[in-house]
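Chemist: I am attaching a structure below and will ask some questions about it afterwards.
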């Protein structure tokens, strides 16, 4: 059985011919004054950008985010970044039998497995206030939590990425609390589950993900803090009580620095740990993606979120098997 070639299977200078999803499509103006469309193509293997030059009004109207297109062109490299030089592009027709869902990358765990892990961890949040707040907020945002990506791009930018990112942090948190038993494990677990829940309001969803108006104007950290405060009322909790403030601080401080969007810097051991684990998981996911798309013996494209650095993929990767 022949496996269909996917977007990331093409090497530099390869002729490209396949169906892809338009993850984003931004109309811009070139230096010559003519409009063009800055595109990001996506399938389950990854994403690559491309530019549709001299776009007509009809082109800008039909080639929009969320559309499946048949793409022909050539893979190139521009300033270390892969891109597609487009020679022809058309919308998929009903006869092609394709939908956007066919091209969206999925979390490496099933939704059932992710729900089971989260539910089991909630039982480990033995402090009543934190458990009640986690349960209420997860109930309210459950479907979005288990289907939304964790970001528009960079890390865990796939369907179910938000829940999978949360579970990755929880797995790390379980190891850290075993190593450092004086940490408040229930607080760390509750903070980990809620820290990015505001992305269910900040982002539009798993298909053609964009930032919502609230996401652009307020941001996920403040959004979920507001939801947590609102949840206190039906639970008859005081949002100014210490136990509630501790959980709110976990969320508000998890980006670590004010310039990275946190209203406050971590002032609890558990908040500092959550910040470090969040950074670790996001960084490893970005590295896995970029290095995974790099040939052995070569450097990756630059990773903007990691100070624009490039990373080398050794010819020999992973653990070395001892010779007998």
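Residue numbers (the numbering used here): 9 to 332.
Quick reminder that beta carbons are idealized off the backbone N, C-alpha and C, glycines included.
#1: Which term fits residue 268, buried or exposed, when burial requires 16 or more other beta carbons within 10 angstroms of its beta carbon?
#2: Compute the Euclidean distance between the alpha carbons of residue 356 and residue 319, then round it to the nearest angstrom.
#3: Can you give me the C-alpha to C-alpha distance between residue 97 and residue 78, rounded to a whole angstrom?
#4: Any chance the segment 232 to 247 sits against the segment 174 to 192, with 3 or more Cβ pairs inside 8 Å?
#5: Considering only the alpha carbon of each residue, which of 298, 167 and 102 lies closest to residue 89?
#6: Under the assumption that residue 221 contacts residue 108 (Cβ atoms under 8 Å), give the Cβ distance between them as a whole number of angstroms.
#7: Would you report the Cα separation of residue 333 and residue 21, rounded to the nearest angstrom?
#8: Tell me the rounded alpha-carbon separation between residue 285 and residue 56.
#9: Measure the C-alpha to C-alpha separation of residue 72 and residue 173 and round it to an integer number of angstroms.
#10: Quick one, which of 51, 270, 124 and 216 has its alpha-carbon nearest residue 74's?
#11: From this set, 124, 310, 76 and 156, which residue's C-alpha is nearest residue 115's C-alpha?
#12: Using the Cα positions of residue 25 and residue 282, report the straight-line distance between them to the nearest angstrom.
#13: Which residues in the same chain have their Cβ closer than 7 Å to the Cβ of residue 134, if we skip the five residues on either side of it in sequence?
#14: In terms of DSSP beta bridges, what is residue 98 paired with?
#15: Between residue 301 and residue 258, how many whole angstroms is the CB-CB distance? I'm expecting something under 8 Å.
#16: Out of 209, 169 and 38, point me to the one whose CA is closest to residue 148's CA.
#17: Short of 6 Å in beta carbon distance, which residues of its chain neighbour residue 81, apart from the five on each side in sequence? Order them along the chain.
#18: Just reading off the beta strand (DSSP E) that residue 207 is part of, what are its end residues?
#19: Under 8 Å by Cβ, that's how I've got residue 239 and residue 145 pegged, so tell me the actual separation to the nearest angstrom.
#20: So, residue 243 versus residue 143, is the Cβ gap smaller than 7 Å?
#21: Is residue 274 buried or exposed, if buried means 16 or more other CB atoms sit within 10 Å of its CB?
#22: Enumerate, from N- to C-terminal direction, the unbroken alpha helix (DSSP H) stretches of 4 or more residues contained entirely within the segment 47 to 71.
#23: Which complete alpha helix (DSSP H) runs does the segment 154 to 205 hold, if anything under 4 residues is left out?
#24: So residue 23 is in the alpha helix (DSSP H); what residue range does that whole segment cover?
#25: Using a threshold of 6 Å, is the CB atom of residue 269 nearer than that to any non-hydrogen atom of the ligand GTP?
#26: Apart from the five residues just before and just after residue 323, which ones in its own chain have a Cβ nearer than 6 Å to its Cβ?
#27: Have a look at residue 31 and residue 48 and give me their C-alpha separation to the nearest angstrom.
#28: For residue 99, collect the residues of the same chain with a Cβ closer than 7 Å to its Cβ; drop the 5 residues on either side in sequence, then sort them by chain order.
#29: Nearest to residue 176 by CA position, among 161, 271 and 126, is which residue?
#30: Could you check which residue in 187, 190 and 207 has the C-alpha nearest to that of residue 171?
#31: Would you kindly work out how many angstroms separate the C-alpha atoms of residue 293 and residue 163, rounded to a whole number?
#32: Pick from 46, 276 and 104: whose alpha carbon is nearest that of residue 250?
Modeler: Answer, in terms of the structure:
#1: Counted from its first residue, the chain shown places residue 268 at position 260. With fewer than 16 other Cβ atoms inside 10 Å of its own Cβ, residue 268 counts as exposed.
#2: Nothing about residue 356 can be read from this structure; the chain reaches only from 9 to 332.
#3: The count along the chain shown starts at 1 and reaches residue 97 at position 89. The count along the chain shown starts at 1 and reaches residue 78 at position 70. So the alpha carbons of these two residues sit roughly 6 Å apart.
#4: no
#5: Here residue 89 refers to the residue found at position 81 when the chain shown is read from its first residue. Among 298, 167 and 102, the Cα nearest to that of residue 89 belongs to 298.
#6: To locate residue 221, count along the chain shown from 1; it is residue 213. To locate residue 108, count along the chain shown from 1; it is residue 100. The pair is not a contact, with the Cβ atoms about 23 Å apart (cut-off 8 Å).
#7: Look at the range of the chain in this structure, 9 to 332, and you will see that residue 333 is not part of it.
#8: The residue labelled residue 285 in the question sits at position 277 within the chain shown. The residue labelled residue 56 in the question sits at position 48 within the chain shown. Approximately 28 Å, taken between the alpha carbons.
#9: As a working note, residue 72 is residue 64 in the chain shown. As a working note, residue 173 is residue 165 in the chain shown. Going from the Cα of residue 72 to the Cα of residue 173 covers about 28 Å.
#10: Start at 1 with the first residue of the chain shown, and residue 74 comes out as number 66. Checked all of 51, 270, 124 and 216; the closest Cα to residue 74 is 216.
#11: On the chain shown, residue 115 is found 107 positions in, with the first residue counted as 1. The option with the nearest alpha carbon to residue 115 is 156.
#12: If you number the chain shown from 1, residue 25 lands on position 17. If you number the chain shown from 1, residue 282 lands on position 274. Whole-angstrom Cα-Cα distance: 44 Å.
#13: By 1-based counting over the chain shown, the position of residue 134 is 126. Around residue 134: 194.
#14: For the purposes of this step, residue 98 is taken as the residue at position 90 of the chain shown. In DSSP, residue 98 forms a bridge with 78.
#15: Locating residue 301 in the chain shown gives position 293, counting from the first residue. Locating residue 258 in the chain shown gives position 250, counting from the first residue. Incorrect: roughly 34 Å between the Cβ atoms, too far for contact.
#16: Walking along the chain shown from the start, residue 148 turns up at place 140. Checking every option, the nearest Cα to that of residue 148 belongs to 209.
#17: To locate residue 81, count along the chain shown from 1; it is residue 73. Same-chain partners within the cutoff: 24, 92, 93, 94 and 95.
#18: Taking the first residue of the chain shown as 1, we reach residue 207 at position 199. First-last for residue 207: 207 to 210, but that is the alpha helix (DSSP H), not the beta strand (DSSP E).
#19: Locating residue 239 in the chain shown gives position 231, where the first residue counts as 1. Locating residue 145 in the chain shown gives position 137, where the first residue counts as 1. About 6 Å separates the beta carbons of residue 239 and residue 145, which is inside the 8 Å limit, making them a contact pair.
#20: Here the question's residue 243 lines up with position 235 in the chain shown. Here the question's residue 143 lines up with position 135 in the chain shown. No, the pair does not count as a contact, with Cβ atoms beyond the cut-off.
#21: Against the chain shown, residue 274 aligns to sequence position 266. Its Cβ being crowded by 16 or more others within 10 Å, residue 274 is buried.
#22: 65 to 70
#23: 169 to 187 and 193 to 202
#24: On the chain shown, position 15 is the one that residue 23 refers to. Premise fails: residue 23 lies in the beta strand (DSSP E), 23 to 37, not in any alpha helix (DSSP H).
#25: What this structure holds is no ligand at all, so the ligand GTP is not there to describe.
#26: Within the chain shown, the letter at position 315 stands for residue 323. So the qualifying residues of the chain are 304 and 305.
#27: Translated into positions along the chain shown, residue 31 becomes position 23. Translated into positions along the chain shown, residue 48 becomes position 40. Going from the Cα of residue 31 to the Cα of residue 48 covers about 5 Å.
#28: Against the chain shown, residue 99 aligns to sequence position 91. So the qualifying residues of the chain are 70, 75 and 77.
#29: Locating residue 176 in the chain shown gives position 168, counting from the first residue. Of 161, 271 and 126, the residue nearest in Cα terms is 126.
#30: The residue given as residue 171 occupies position 163 in the chain shown. From the listed residues 187, 190 and 207, the smallest Cα separation to residue 171 is found for 207.
#31: The residue given as residue 293 occupies position 285 in the chain shown. The residue given as residue 163 occupies position 155 in the chain shown. Roughly 6 Å between the two C-alpha positions.
#32: Counted from its first residue, the chain shown places residue 250 at position 242. When each option's Cα is compared against that of residue 250, the closest is 276.
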